[in-house]
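>
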Amino acid sequence: MGAQLRVYKRRIRSVTATKKITKAMEMISASRIVKAQRAVAASTPYADELTRAVTAVATRSNAKHPLTTENPTATRAAVLLITADRGLAGGYSSNAIKAAVVLSERLRAEGKDVVTYIVGRKGVSYYSFRNLPVAKSWTGFSDQPTYGDAKVVSADLIEAFTTETADGGVDELHLVSTRFESMLTQTPVDARLLPLKLDEVQLSDDRPAKSEIFPLYDFEPSAEGVLDALLPRYVESRIYNALLQSAASEHAARRRAMKSATDNAEELIKSLKRLANSARQAEITQEISEIIGGANALADANAGSE
Amino acid sequence: MAELHVELVAADRKVWSGAATIVVARTASGDVGIMPGHTPVLSVLESGPVTIRTTDGGTVIAAVHGGFISFADNKVSLLAEIAELADEIDVNRAERALELAKSESDAHAERRAEVRLVAVGRKAA
Chain S
1 MGAQLRVYKR RIRSVTATKK ITKAMEMISA SRIVKAQRAV AASTPYADEL
51 TRAVTAVATR SNAKHPLTTE NPTATRAAVL LITADRGLAG GYSSNAIKAA
101 VVLSERLRAE GKDVVTYIVG RKGVSYYSFR NLPVAKSWTG FSDQPTYGDA
151 KVVSADLIEA FTTETADGGV DELHLVSTRF ESMLTQTPVD ARLLPLKLDE
201 VQLSDDRPAK SEIFPLYDFE PSAEGVLDAL LPRYVESRIY NALLQSAASE
251 HAARRRAMKS ATDNAEELIK SLKRLANSAR QAEITQEISE IIGGANALAD
301 ANAGSE
Chain Z
1 MAELHVELVA ADRKVWSGAA TIVVARTASG DVGIMPGHTP VLSVLESGPV
51 TIRTTDGGTV IAAVHGGFIS FADNKVSLLA EIAELADEID VNRAERALEL
101 AKSESDAHAE RRAEVRLVAV GRKAA
């Protein structure tokens with residue numbers, strides 16, 4: 001076998017192996033999207049009920065709470081960035097990171113110091129490679145976040161928010177995550193989570209809470225007490241929802257990236273096969289012409305000797 | 001007879017929903033029983049068992065950890081970070097968790113495990 005042909009054959013083999021891997025990853029992601037979407041749907045009743053309760057307290061009492069108090073001279077803002085733990089998901093992580101960078105620049109332009117919190121290994125490695133400071137990071141659950149994970153993340157953030165700015169606390173909390181719009185579209189979004197604006201409390205899928213007339217609730221132990229317990233839960237539930245949507249987006253982005261990788265591999269195999277075929281043909285043609293040439297030369301030599 | 005529409009939701013799933021005659025839950029200010037026609041109330045739940053008497057005479061017991069109960073227009077919403085029906089609780093696991101929590105003197109975990117066992121105990125009684 002000719003050298004050229006051998007090289008083509010080897011490349012075809014290696015691309016075929018790659019294609020098998022990407023195909024498998026595509027199918028795994030496809031099944032996980034469904035699971036992730038189901039998790040988003042399963043968390044909706046809780047988020048909606050919680051939103052209703054928060055709105056009810058907000059409309060029925062004018063209790064003040066640290067989590068809703070706006071600091072007019074905000075100087076430090078926290079940004080929570082949600083990315084993936086693993087790569088091979090197309091532009092998923094880099095889009096989210098880009099959104100976070102743009103947001104951070106905007107906040108700095110407003111004269112605020114930006115403190116960054118990160119979920120997911122990809123975001124962590126982006127920031128550490130550039131020597132950018134990260135206040136805290138969490139990794140290891142980006143593809144299947146649980147409520148416990150959201151609780152851990154929000155506990156730290158709420159603590160930072162309730163700490164005085166002078167003692168290293170923050171005045172604002174922004175959340176950068178990826179919203180799962182459809183299998184094909186996932187958009188990075190940023191939203192201010194804290195301080196909460198109670199008049200624009202949103203449902204989990206960003207429908208504005210519909211204005212209903214709330215009954216005159218009796219609050220136990222008191223409106224303040226209820227708010228005290230409700231608001232951290234609300235923040236947790238918002239972060240949980242963002243984690244779930246981001247997980248669904250991650251799987252969708254990975255599925256699409258792997259699908260195009262598989263398609264490209266197929267394309268590559270096709271063109272390599274063509275090249276290999278023509279190399280083989282060229283080899284055969286050459287062999288035939290060599291044989292014919294040899295036979296002719298032999299015939300000529302024999303004819304001359306007689 | 002008027003009946004309550006009850007929704008028991010945990011952070012990551014809907015645990016139980018249906019019609020009931022009375023719901024008993026432990027709030028920050030003590031156990032409350034809610035029957036149809038109760039005044040609208042919104043209160044903080046303590047870790048504790050929740051008892052729901054369904055309209056067909058059955059009883060649903062769940063262990064609930066942290067959350068809220070809100071009642072209005074004969075609709076009861078029980079929101080909890082963690083909620084488990086008594087049937088779903090693994091007694092052996094809860095007992096092990098209780099011992100572990102006691103040995104590590106983790107008051108929260110101990111309380112959680114206790115509540116689970118109480119819920120299972122009531123179901124059996």
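Residue numbers (our numbering), protein chains in the order written: chain S, 1 to 306; chain Z, 1 to 125.
All C-beta atoms in this analysis are idealised placements derived from N, C-alpha and C, irrespective of residue type, glycine included.
With distance defined between alpha-carbon atoms, name the residue in Z:ILE69, Z:SER103 and Z:HIS108 nearest to VAL23 of chain Z.
Selected option, being the one with the closest Cα: Z:ILE69.
> How long is the line joining the alpha carbons of SER204 of chain S and ALA47 of chain S, rounded to whole angstroms?
At SER204 of chain S the pLDDT is 49, less than 50, meaning the model places this residue with poor confidence; the figure from the coordinates comes in the next sentence. Going by the C-alpha atoms only, they are around 6 Å apart.
> Can you tell me the Cα-Cα spacing of ASP149 of chain S and TYR240 of chain S, whole angstroms?
Taking the straight line from one Cα to the other gives about 8 Å.
> Compute the Euclidean distance between the alpha carbons of ALA248 of chain S and LEU80 of chain S, then round it to the nearest angstrom.
Cα to Cα, ALA248 of chain S sits roughly 18 Å from LEU80 of chain S.
> How would you write the range of the alpha helix (DSSP H) that PRO45 of chain S sits in, first residue to last?
Per DSSP, PRO45 of chain S belongs to the alpha helix (DSSP H) from 3-60.
> State the beta-bridge partners of GLU172 of chain S as determined by DSSP.
DSSP output for GLU172 of chain S lists S:ALA77 as bridge partner(s).
> Excluding the 5 residues flanking GLN4 of chain S on each side, which residues of the same chain have their C-beta closer than 6 Å to its C-beta?
Cβ within range, chain order: ALA279.
> For the beta strand (DSSP E) containing ARG13 of chain Z, list its first residue and its last residue.
Note, ARG13 of chain Z: beta strand (DSSP E), 13-27.
> For a minimum of 3 consecutive residues, which ranges assigned as the beta strand (DSSP E) are wholly contained in the region 118-199 of chain S?
The qualifying runs are 136-138, 172-180 and 186-194.
> PRO215 of chain S to GLU81 of chain Z, Cα distance in whole Å?
Going by the C-alpha atoms only, they are around 25 Å apart.
> Roughly how many angstroms separate the alpha carbons of VAL32 of chain Z and ALA25 of chain Z, rounded to a whole number?
Their backbone Cα atoms lie some 6 Å apart in a straight line.
> Report yes or no: is there a C-beta of chain S within less than 8 Å of the C-beta of PRO40 of chain Z?
It does; some Cβ of chain S falls within 8 Å.
> Which residues in chain Z sit within 9 Å of SER246 of chain S, going by Cβ to Cβ distance?
The contacting residues do not exist; SER246 of chain S stays about 16 Å from chain Z at best.
> Roughly how many angstroms separate the alpha carbons of SER43 of chain S and SER17 of chain Z, rounded to a whole number?
In a straight line, the C-alpha of SER43 of chain S is about 15 Å away from that of SER17 of chain Z.
> Between ALA119 of chain Z and ALA97 of chain Z, is the Cβ-Cβ spacing less than 8 Å?
Cβ distance not < 8 Å, so ALA119 of chain Z and ALA97 of chain Z don't count as in contact.
> Quick one: list the residues of chain Z neighbouring SER43 of chain S, beta-carbon separation under 7 Å, in chain order.
By Cβ distance, chain Z contributes ALA11 and ASP12.
> If I measure Cβ to Cβ from SER14 of chain S and keep anything under 8 Å in the same chain, skipping five residues before and after, which residues do I get?
Hits under 8 Å: none found.
> ASP56 of chain Z touches chain S at which residues, Cβ-Cβ below 8 Å?
None at all; the shortest Cβ gap to chain S is about 23 Å.
> What residue range is occupied by the uninterrupted alpha helix (DSSP H) comprising ILE89 of chain Z?
ILE89 of chain Z -> no alpha helix (DSSP H), and no H or E assigned at all.
> Any C-beta of chain S sitting closer than 8 Å to the C-beta of ALA72 of chain Z?
True, the Cβ-Cβ gap to chain S drops below 8 Å.
> On the CB-based measure, 16 or more other CB atoms within 10 Å of its CB, does PHE129 of chain S come out buried or exposed?
So PHE129 of chain S counts as exposed.
> Please work out which residues of its chain come closer than 8 Å, Cβ to Cβ, to SER104 of chain S, disregarding the five sequence neighbours upstream and downstream, and give them in chain order.
For SER104 of chain S, where only same-chain residues beyond five positions count, the Cβ hits under 8 Å are VAL79, VAL114 and THR116.
> For a test of the three-state rule: what should DSSP assign to SER204 of chain S, helix, strand or coil?
In this prediction, SER204 of chain S scores a pLDDT of 49, lower than 50, which makes its location untrustworthy; the coordinate-derived value is nonetheless stated afterwards. Three-state result, SER204 of chain S: coil.
> Sorry if obvious, but does the Cβ on GLN281 of chain S come closer than 7 Å to a heavy atom of the ligand HEM?
For the ligand HEM, the structure offers nothing, since it holds no ligand at all.
> Under 8 Å, do ALA63 of chain Z and ILE34 of chain Z count as touching if we go by C-beta distance?
No, the pair does not count as a contact, with Cβ atoms beyond the cut-off.
> For chain S, check one thing: does any of its Cβ atoms lie closer than 8 Å to the Cβ of VAL50 of chain Z?
Answer no: the Cβ-Cβ gap between VAL50 of chain Z and chain S never drops below 8 Å.
> With a cut-off of 8 Å, does the C-beta of ASP218 of chain S fall near any C-beta of chain Z?
Closer than 8 Å to some Cβ of chain Z, the Cβ of ASP218 of chain S qualifies, so yes.
> Using a Cβ-Cβ distance cut-off of 8 Å, determine whether PRO215 of chain S contacts chain Z.
Cβ-Cβ to chain Z under 8 Å: yes for PRO215 of chain S.
> Looking at chain Z, is there any beta carbon in it that lies within less than 8 Å of the beta carbon of SER204 of chain S?
Confidence in SER204 of chain S is poor, its pLDDT being 49 and thus under 50, which makes the residue's placement unreliable; the coordinate value appears in the next sentence. False, the Cβ-Cβ gap to chain Z never drops below 8 Å.
> Quick check: THR262 of chain S and THR22 of chain S, are their CB atoms within less than 8 Å of each other?
Yes, they are a contact pair.
> Using the beta-carbon count (16 or more within 10 Å), is GLU49 of chain S buried or exposed?
The residue is buried, with at least 16 neighbouring Cβ atoms inside 10 Å.
> Near THR69 of chain S, what residues of its chain come up, given a Cβ to Cβ distance below 8 Å and the 5 sequence neighbours on each side ignored?
Around THR69 of chain S: PRO195.
> Under 8 Å, do SER237 of chain S and ILE82 of chain S count as touching if we go by C-beta distance?
No; because the gap between Cβ atoms is not below 8 Å, this pair is not in contact.
> Need the endpoints of the alpha helix (DSSP H) that ALA100 of chain S sits in, please.
Its alpha helix (DSSP H) spans residues 92-109.
> Using 8 Å as the limit for Cβ to Cβ distance, is SER43 of chain Z near chain S?
It does: the Cβ of SER43 of chain Z has a partner Cβ on chain S nearer than 8 Å.
> List the endpoints of the continuous beta strand (DSSP E) containing ARG53 of chain Z.
From DSSP, the beta strand (DSSP E) with ARG53 of chain Z extends over 48-54.
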